[in-house]
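K.L.:
Sequential numbering of the sequence shown, starting at 5, is according to our numbering.
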Amino acid sequence: MERLAASLPGQPVRILETHISWVLLSGDFAYKIKKPLTLGFLDFGTLGKRHQACEDEVRLNRRLAPDIYLGVSTVTGPADSPCLEGAGETIEYAVKMRRFDPEATFDRLQAEGRLDAVQVEAVATRLARFHRDDCARAQAGDAWGHPGTIWQPVAQNLDQIEPHLDTPADRATLAALRVWSGRSHAELTPLMRARKRDGYVRECHGDLHLGNMAWVDGAPLIFDCLEFDAGLRWIDIQSEIAFVFMDLMRRGHAGLAWLFLNVWLEHSGDYAGLALLRYYAVYRALVRSKVALLRAAQNDASARADARAHLELAAALTRPSPCWLHITHGFSGSGKTTATHERMQSPGAIRLRSDIERKRLAGLDALARSGSAPCGGLYAAHATRRTYGQLAGLASRVLAAGWPVIVDATFTARWQRALLREIARKHGQPFRILDFAAPLDTLRQRIVQRARAGTDASEASLAVLAHQIRNADALDAEELKEALSPQDFAQN
5 MERLAASLPG QPVRILETHI SWVLLSGDFA YKIKKPLTLG FLDFGTLGKR
55 HQACEDEVRL NRRLAPDIYL GVSTVTGPAD SPCLEGAGET IEYAVKMRRF
105 DPEATFDRLQ AEGRLDAVQV EAVATRLARF HRDDCARAQA GDAWGHPGTI
155 WQPVAQNLDQ IEPHLDTPAD RATLAALRVW SGRSHAELTP LMRARKRDGY
205 VRECHGDLHL GNMAWVDGAP LIFDCLEFDA GLRWIDIQSE IAFVFMDLMR
255 RGHAGLAWLF LNVWLEHSGD YAGLALLRYY AVYRALVRSK VALLRAAQND
305 ASARADARAH LELAAALTRP SPCWLHITHG FSGSGKTTAT HERMQSPGAI
355 RLRSDIERKR LAGLDALARS GSAPCGGLYA AHATRRTYGQ LAGLASRVLA
405 AGWPVIVDAT FTARWQRALL REIARKHGQP FRILDFAAPL DTLRQRIVQR
455 ARAGTDASEA SLAVLAHQIR NADALDAEEL KEALSPQDFA QN
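(1) Jot down the residue ranges of each uninterrupted beta strand (DSSP E) in the stretch 30-102, minimum 3 residues, whole runs only, in chain order.
(2) Just mark cysteine 229 as buried or exposed, buried being the case when its beta carbon has 16 or more other beta carbons within 10 Å.
(3) From which residue to which residue does the beta strand (DSSP E) around valine 205 run?
(4) Using a Cβ-Cβ cutoff of less than 7 Å, which residues in the same chain neighbour arginine 288 once the five nearest sequence positions on both sides are dropped?
(5) As a quick exercise: from Gly149, Leu403, Arg254, pick the residue whose alpha carbon is nearest that of lysine 430.
(6) To the nearest angstrom, how far is it from the Cα of alanine 234 to the Cα of aspartate 60?
(7) Where do the ends of the alpha helix (DSSP H) carrying tryptophan 238 lie?
(8) Can you give me the Cβ contacts of aspartate 460 inside the same chain, cut-off strictly under 6 Å, excluding the 5 residues immediately before and after it?
(9) By how many angstroms is the C-alpha of glutamate 125 removed from the C-alpha of methionine 348?
(10) How many angstroms separate the CA atom of methionine 217 from the CA atom of tryptophan 268?
(11) Can the beta-carbon of lysine 36 be found less than 9 Å from the beta-carbon of glycine 75?
(12) DSSP on phenylalanine 227, reduced to helix/strand/coil?
(13) Going by DSSP, name the residue or residues bridged to aspartate 412.
(14) Measure the alpha-carbon distance for leucine 298 versus histidine 189 and round it to whole angstroms.
(15) Would you mind working out which of Phe104, Leu119, Arg103 sits nearest phenylalanine 110, comparing C-alpha positions?
(16) For a quick check, are the C-beta atoms of histidine 333 and arginine 421 less than 9 Å apart?
(17) Ignoring anything shorter than 4 residues, give me the alpha helix (DSSP H) runs that lie fully in the stretch 276-303, in order along the chain.
(18) Where does tryptophan 148 fall in DSSP's three states?
(19) What are the boundary residues of the beta strand (DSSP E) that includes aspartate 439?
(20) Can you list, in chain order, the residues of its chain with a C-beta nearer than 7 Å to that of glutamine 394? Leave out the 5 residues immediately preceding and following it.
(21) Please determine, among Leu317, Leu444, Glu270, Leu236, the residue with the shortest C-alpha to C-alpha distance to glycine 339.
(22) Which of the three DSSP states is assigned to valine 17 in this structure?
(23) For leucine 315, which of Asn475, Ile24, Ala179, Arg130 has the nearest alpha-carbon?
(24) Please state the DSSP three-state secondary structure of threonine 322.
(25) Following the continuous beta strand (DSSP E) through alanine 218, name the residue where it begins and the one where it ends.
(26) Label serine 185 either buried or exposed according to how many other C-beta atoms from any shown protein chain fall within 10 Å of its C-beta, with 16 as the threshold for buried.
(27) What did DSSP end up calling alanine 487 once you bin it into helix, strand or coil?
(28) Quick one: residues in its chain with C-beta nearer than 6 Å to the C-beta of isoleucine 239, no 5 flanking neighbours on either side, listed in chain order?
(29) Taking C-alpha atoms, which residue in Ala108, Cys379, Thr193, Pro13 lies nearest to leucine 280?
(30) Helix or strand or just coil, what does DSSP make of threonine 193?
(31) Out of Val62, Lys294, Asp71, Phe104, point me to the one whose CA is closest to leucine 29's CA.
(32) Can we say the stretch 294-309 touches the stretch 412-419, given the rule of at least three CB pairs closer than 8 Å?
(33) Report yes if the C-beta distance between leucine 169 and leucine 181 is below 9 Å; otherwise report no.
(34) Tell me the rounded alpha-carbon separation between leucine 46 and alanine 353.
(35) Comparing alpha-carbon positions, which option in Asp211, Cys327, Glu483, Asp480 lies nearest arginine 401?
(36) Is the separation between the beta-carbon of proline 86 and that of glutamate 96 shorter than 9 Å?
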């Protein structure tokens with residue numbers, strides 16, 4: 005490597021080494037060369053295989069980072085005087101990448117207290133688009149996504165962790181996690197099969213932790229997709245999202261974890277997959293625990309504490325969350341969406357928005373404008389019934405999956421509130437009405453400002469507001485017993 009480094013421009017060239025590759029940092033570029041290794045999880049044993057791995061790495065990563073992954077360069081001989089793209093015989097291949105500031109990765113930003121909601125929302129939005137548009141779907145005959153294929157790395161991971169645990173408490177925790185994982189897998193097997201059939205098993209990133217995300221030029225950058233093991237990237241998209249959710253939780257950012265999950269769900273619409281989220285988050289926490297234990301075996305002083313923290317997080321994730329169903333009540337502009345945006349982050353919940361689901365049912369993007377009149381188009385009576393039916397169905401799914409849920413809609417009609425109350429009753433979960441009010445002038449001002457900004461899914465206009473006020477059913481005496489004011493809402 006030193007001889008190749010000496011031939012590159014941008015001196016001095018730094019050489020970094022991982023367990024499977026060398027990376028040469030030369031000026032604005034980096035060159036990644038794969039080691040000639042054959043391990044249990046990868047095979048770089050021949051020049052041809054390393055060439056293919058380089059091509060795969062560029063192909064896969066260009067889906068998310070086309071400006072970073074520039075192509076595959078040849079390393080030409082002779083071996084005692086190698087150079088890039090020379091006239092001699094090709095003796096190796098390198099992935100050529102454009103460098104970016106290493107301090108911009110999300111794990112560094114988080115460690116320095118600089119990771120914020122804007123960045124997390126942006127990466128969630130980007131990933132939802134990636135999963136929808138850029139990931140190939142597994143075919144029916146593929147092994148990817150089959151319940152047995154899913155279980156194999158879960159069981160293998162549990163087996164690999166066990167010899168490294170050195171306390172009875174940790175071994176007992178792992179034993180309980182083994183039982184829980186097996187039971188959960190059996191219960192979720194029908195859903196796993198349905199997810200494969202319905203196209204949710206896709207060629208994903210595969211290694212989506214905060215260290216593989218960055219904030220560059222005011223936008224999210226996602227890099228270092230797994231190229232060497234197809235089984236780790238041909239996965240259910242919920243498994244991919246569970247990795248980010250878990251990693252943010254582990255780093256003490258539960259609010260950002262819930263924000264990430266909700267933004268991704270709003271863009272993807274994959275609420276049906278939430279029943280798998282806990283299972284995959286536990287698996288991801290155990291993977292990181294294993295990685296830390298392997299570091300500890302190499303005398304990394306902090307690694308054992310990291311391994312135990314991930315093990316404890318995995319155990320915590322198996323415990324059922326307190327579930328409840330809250331709905332909002334109030335005219336457009338009364339502050340419902342702002343308040344529920346905070347509530348979904350702390351204490352944490354899944355939020356369903358009528359503005360988004362109404363457009364999803366119509367095949368429109370969240371920010372698309374339908375031009376609907378107050379009683380027509382998306383706001384016609386039949387469309388409203390369909391929207392609230394969709395909200396009820398999704399709320400039922402979220403509760404069945406074991407997560408609390410907030411439904412953000414005006415709920416100005418009594419039948420709409422009754423519909424969601426019945427969902428809570430069927431699931432045996434608490435039901436509350438979050439009651440919002442504001443002066444008429446304030447409502448009008450907020451609606452005008454929101455419409456002018458054009459950055460929210462709501463299409464409420466002054467005409468829509470007037471229609472709501474004329475036709476609203478006030479909360480009755482029984483409903484008032486279920487109601488919380490914004491002040492009570494914030495305190496609870």
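Backbone N, C-alpha and C fix where the C-beta goes; we use that ideal spot for every residue, glycine too.
Please read all numbers here as calculations on a predicted model, not as lab measurements.
P.N.:
According to the data block:
(1) 33-38, 73-80, 94-102
(2) On the sequence shown, residue 229 is found 225 positions in, with the first residue counted as 1. That one is buried.
(3) As a working note, residue 205 is residue 201 in the sequence shown. Taken as a continuous stretch (DSSP letters only), the beta strand (DSSP E) holding valine 205 covers 205-207.
(4) On the sequence shown, position 284 is the one that residue 288 refers to. The answer, listed in chain order, is Ala246, Phe247, Met250.
(5) Position 426 of the sequence shown, counted from the start, is the residue given in the question as residue 430. Among Gly149, Leu403, Arg254, the Cα nearest to that of lysine 430 is on Leu403.
(6) Residue numbering aside, residue 234 sits at position 230 when the sequence shown is read from its first letter. Residue numbering aside, residue 60 sits at position 56 when the sequence shown is read from its first letter. Distance between the alpha carbons of alanine 234 and aspartate 60 is about 10 Å.
(7) Against the sequence shown, residue 238 aligns to sequence position 234. Unbroken run through tryptophan 238 is the beta strand (DSSP E), 238-240; no alpha helix (DSSP H).
(8) Along the sequence shown, one-based indexing puts residue 460 at 456. Cβ within range, chain order: Arg454.
(9) Residue 348 sits at position 344 when you count from the first residue of the sequence shown. Residue 125 sits at position 121 when you count from the first residue of the sequence shown. Those two C-alpha atoms are separated by around 13 Å.
(10) In the sequence shown, residue 217 corresponds to position 213, counting from 1. In the sequence shown, residue 268 corresponds to position 264, counting from 1. Computed Cα separation, rounded: 16 Å.
(11) For the purposes of this step, residue 36 is identified with residue 32 of the sequence shown, where counting begins at 1. For the purposes of this step, residue 75 is identified with residue 71 of the sequence shown, where counting begins at 1. No, they are not a contact pair.
(12) Locating residue 227 in the sequence shown gives position 223, counting from the first residue. Coil, per DSSP.
(13) Translated into positions along the sequence shown, residue 412 becomes position 408. According to DSSP, aspartate 412 bridges with Arg357.
(14) As a first step, residue 298 is located in the sequence shown; it is residue number 294 there, counting from the start. As a first step, residue 189 is located in the sequence shown; it is residue number 185 there, counting from the start. Straight-line Cα distance between these residues: approximately 26 Å.
(15) Stepping through the sequence shown from its first residue, residue 110 is reached at position 106. Considering only alpha carbons, the answer is Leu119.
(16) Your numbering for residue 333 matches position 329 in the sequence shown. Your numbering for residue 421 matches position 417 in the sequence shown. Result yes, Cβ atoms of histidine 333 and arginine 421 sit closer than 9 Å.
(17) 278-300
(18) Counting from one through the sequence shown, the residue named residue 148 turns up at place 144. In this structure, tryptophan 148 counts as coil in the three-state DSSP scheme.
(19) The sequence position of residue 439 within the sequence shown is 435, counting from 1. Residues 435-439.
(20) Position 390 of the sequence shown, counted from the first residue, corresponds to residue 394. Same-chain partners within the cutoff: Glu361, Leu365.
(21) By one-based count along the sequence shown, residue 339 stands at place 335. Nearest of Leu317, Leu444, Glu270, Leu236 to glycine 339, Cα basis: Leu444.
(22) For the purposes of this step, residue 17 is taken as the residue at position 13 of the sequence shown. Valine 17 falls in the coil class under three-state DSSP.
(23) For this step, residue 315 is matched to residue 311 along the sequence shown. The shortest C-alpha separation from leucine 315 is found at Ala179.
(24) Position 318 of the sequence shown, counting from 1, holds the residue named residue 322. Three-state DSSP puts threonine 322 in a helix.
(25) In the sequence shown, counting from the first residue as 1, residue 218 sits at position 214. First-last of the beta strand (DSSP E) with alanine 218: 217-220.
(26) Locating residue 185 in the sequence shown gives position 181, counting from the first residue. Flag for serine 185 reads buried.
(27) Locating residue 487 in the sequence shown gives position 483, counting from the first residue. Three-state result, alanine 487: strand.
(28) Looking up residue 239 in the sequence shown gives position 235. Only Cys208 meet the Cβ criterion.
(29) Taking the first residue of the sequence shown as 1, we reach residue 280 at position 276. Among Ala108, Cys379, Thr193, Pro13, the Cα nearest to that of leucine 280 is on Thr193.
(30) By 1-based counting over the sequence shown, the position of residue 193 is 189. Three-state result, threonine 193: helix.
(31) To locate residue 29, count along the sequence shown from 1; it is residue 25. Of the candidates Val62, Lys294, Asp71, Phe104, the one whose C-alpha sits nearest the C-alpha of leucine 29 is Phe104.
(32) no
(33) Here residue 169 refers to the residue found at position 165 of the sequence shown. Here residue 181 refers to the residue found at position 177 of the sequence shown. No, Cβ-Cβ distance for leucine 169 and leucine 181 is not below 9 Å.
(34) As a working mapping, residue 46 is identified with position 42 in the sequence shown. As a working mapping, residue 353 is identified with position 349 in the sequence shown. Distance between the alpha carbons of leucine 46 and alanine 353: 39 Å.
(35) Within the sequence shown, numbered from 1, the residue matching residue 401 stands at position 397. When only C-alpha atoms are compared, the closest one is Cys327.
(36) Position 82 of the sequence shown, counted from the start, is the residue given in the question as residue 86. Position 92 of the sequence shown, counted from the start, is the residue given in the question as residue 96. Yes. Within cutoff.
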